[in-house]
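At position 317 of the sequence shown the residue is numbered 382 (my numbering), and the sequence of numbers has no breaks.
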Amino acid sequence: MTKPPYPPEPFRIKVTEAIRLIPPEARETALKEAGYNLFLMKAEDMFIDLLTDSGTGAMSSEQWAALMRGDESYAGARSFHRLKNAVEDVFGFKHFAPTHQGRAAENILAACLVKPGQWVPSNMHFDTTDANIRARQGRPANLVIDEASDPENRHPFKGNMDIAKLKAFIAKYGREQIPLGMITVTNNAGGGQPVSMENLKAVAQVYRENGIPFFIDSARYAENAYFIKQREPGYENKSVKEIAREMYSLADGMTMSAKKDAIVNIGGLICMNDDTLFQNVKNELILREGFPTYGGLAGRDLDAMAVGLYEGLDEDYLRYRLGQTAYLASRLNENGIPTIQPTGGHGVYVNAGAIFPHIPNYEFPAQALAVELYREGGIRGVEIGSVMFACLDPEDNTWHYPALELLRLAIPRRTYTQSHLDYVADCLVAIKARADKVKGYRFTYAPELLRHFTARFEPL
Ligand SMILES: Cc1ncc(COP(=O)(O)O)c(C=O)c1O
């Protein structure tokens, strides 16, 4: 058979969890009660929940079996050593400790390295990394290539760091003011776009020449490695695991939210080569997370992660995983619904501004699309547009709006089938057919910071 245009799931289903589409009137009431903010709605009222791919994946039978092997000893548990073996095998760093999730690893790293006024460059920091650097009075800087902000540009590695910008940045602020340099793989804040090996090598070299420790934010390391295999000449015959090893051989350490590519519901990692830094990290861990052999997790969580680290690298799984996002995007694109190109790893970013050209950014077109998608089919996505990012500039007292009004549909791992994705696409096509009748929203309540989580709206 020729290659099918859809990715057949490389698993069969042993356990199911019921979901239900509540009737249209009940959806309308639920929307109203939540002030038209999907973050404030009940998960049980969702038919398909694409709010995030973080911690929402389905564990395998092997992971559930591993949970039963969990050793709950306080110190030196067998579970820790099994995870340690897996982490060493996949990433190759000298030291490692578990944390309860990615932001805990970021907090500890920032606590150990960042002093007030110092800078931390990256391609783009994820918001928790950004906030953890700021919480130490540090200053995060995003130096991604310019192609990343053009939704039509089909650059294969839109997560790449701009090397000229990085060199100029170090020259401007001085290496003494840069306690560490980072890069995020894949670049979540920029649409789940990958970083090439060539770029990782160039970034590592610049950091090394300047004596700046290089840490990789690794939430989606396996998806990034698979994109390298697919798109970067010279890597097509290497295994994804070999590619991952090569990526990490370039760095001095990493932080990771295991809730993504290690396919667990909770967990994180911090790794490094430096002995003194690791001693300090362990002291911080004991203060904030727990003893360094469990890091705020149960022994069973460590075992599920140890298995998940390998399952995330499985190439049949990755072919299906990246095939799912590509499939959903292609179904939308062939129906005239624009999405960020090329499709990223963990989600599809729909250009809501292009679907609702009659709704100005201050009336939140992507929020309108998020509400409409729930109204149409009980589907939850997340607005990534003016609700999340528009801000009042204190200098000139004017509102600054983001370049794009996006609705992100994040795909949980191994959770939804192809017919679920077809259903999502069909609902969006139905909305597009009545797009000119959809109206915008205004705030009835909005906090000053991170307002998308708790804001309330009313329809115009
Ligand atoms: C790139 C990246 N880094 C860090 C984090 C934070 O991880 P956690 O949610 O486990 O704290 C996330 C979570 O979405 C992420 O996508």
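C-beta atoms are modelled at their ideal positions from N, C-alpha and C, and glycine is treated no differently.
Report whether the distance from the Cβ of Glu171 to the nearest heavy atom of ligand 1 is below 8 Å.
yes
Pick from Ala254, Val271 and Val250: whose alpha carbon is nearest that of Ser526?
With the chain represented from 66 up to 525, any question about residue 526 goes unanswered, as that position is not in the structure.
Hey, is the stretch 212-227 in contact with the stretch 143-157, meaning 3+ C-beta pairs nearer than 8 Å?
no
I'd like to know whether the C-beta atoms of Val372 and Ala131 end up nearer to each other than 9 Å.
Here Val372 is near Ala131, since their CB atoms are less than 9 Å apart.
Checking 9 Å against the spacing of the C-beta atoms, do Ala435 and Gly100 come in under that value?
no
Quick one: what does DSSP say His465 is sitting in, helix, strand or coil?
strand
Bounding residues of the alpha helix (DSSP H) (the contiguous stretch that carries Phe104):
Element bounds for Phe104: n/a, residue is neither H nor E.
Tell me the residue span of the beta strand (DSSP E) that contains Leu472.
Leu471 to Ala475
Should Glu399 go down as buried or exposed, given a rule of 16 or more other Cβ atoms within 10 Å for buried?
By the 10 Å Cβ count, Glu399 comes out exposed.
If you reduce the DSSP assignment to three classes, tell me which class Tyr392 lands in.
helix
Pick helix, strand or coil for Ser484, following the three-state DSSP scheme.
Judged by DSSP in its simplified three-state form, Ser484 adopts helix.
Three-state secondary structure (DSSP) at Phe145?
helix
If you pair each beta-carbon of the stretch 351-368 with each one of the stretch 142-154, do three or more pairs fall below 8 Å?
Yes, the stretch 351-368 touches the stretch 142-154.
Could you check the C-alpha separation between Pro512 and Asp114 for me, to the nearest Å?
Per the coordinates, the alpha-carbon of Pro512 lies some 25 Å from the alpha-carbon of Asp114.
Drop a sphere of 10 angstroms on the beta-carbon of Val19, count the other beta-carbons inside from all chains shown, and report buried for 16 or more, exposed for fewer.
The chain is shown only over 66 to 525; residue 19 falls outside these bounds and no answer can be derived.
What is the DSSP secondary structure of His517, counted as helix, strand or coil?
Here His517 sits in helix by DSSP.
Hey, how far is the Cα of Asn289 from the Cα of Pro459?
38 Å
Within a Cβ cutoff of 8 Å, which residues of the same chain sit near Asp487, ignoring the five residues on either side of it in sequence?
Here the set comprises Arg396.
Roughly how many whole angstroms lie between the Cα atoms of Met124 and Ala369?
C-alpha separation (whole angstroms): 8 Å.
Can you look up Tyr427 in the DSSP assignment and give me helix, strand or coil?
Helix, per DSSP.
Label Met66 either buried or exposed according to how many other C-beta atoms from any shown protein chain fall within 10 Å of its C-beta, with 16 as the threshold for buried.
exposed
Under 6 Å from any heavy atom of ligand 1, by CB: list those residues in chain order, please.
Counting every residue whose Cβ lies closer than 6 Å to a heavy atom of ligand 1, we get Ser119, Gln166, Gly167, Arg168, Phe191, Thr193, Thr194, Thr249, Asn253, Asp282, Ala284, Ser322, Lys324 and Gly333.
Rounded to a whole number of angstroms, what is the C-alpha to C-alpha distance between Gln432 and Val503?
11 Å
Once you ignore the five residues that flank Tyr375 on each side, which residues in its own chain have a CB closer than 7 Å to its CB?
Ala151
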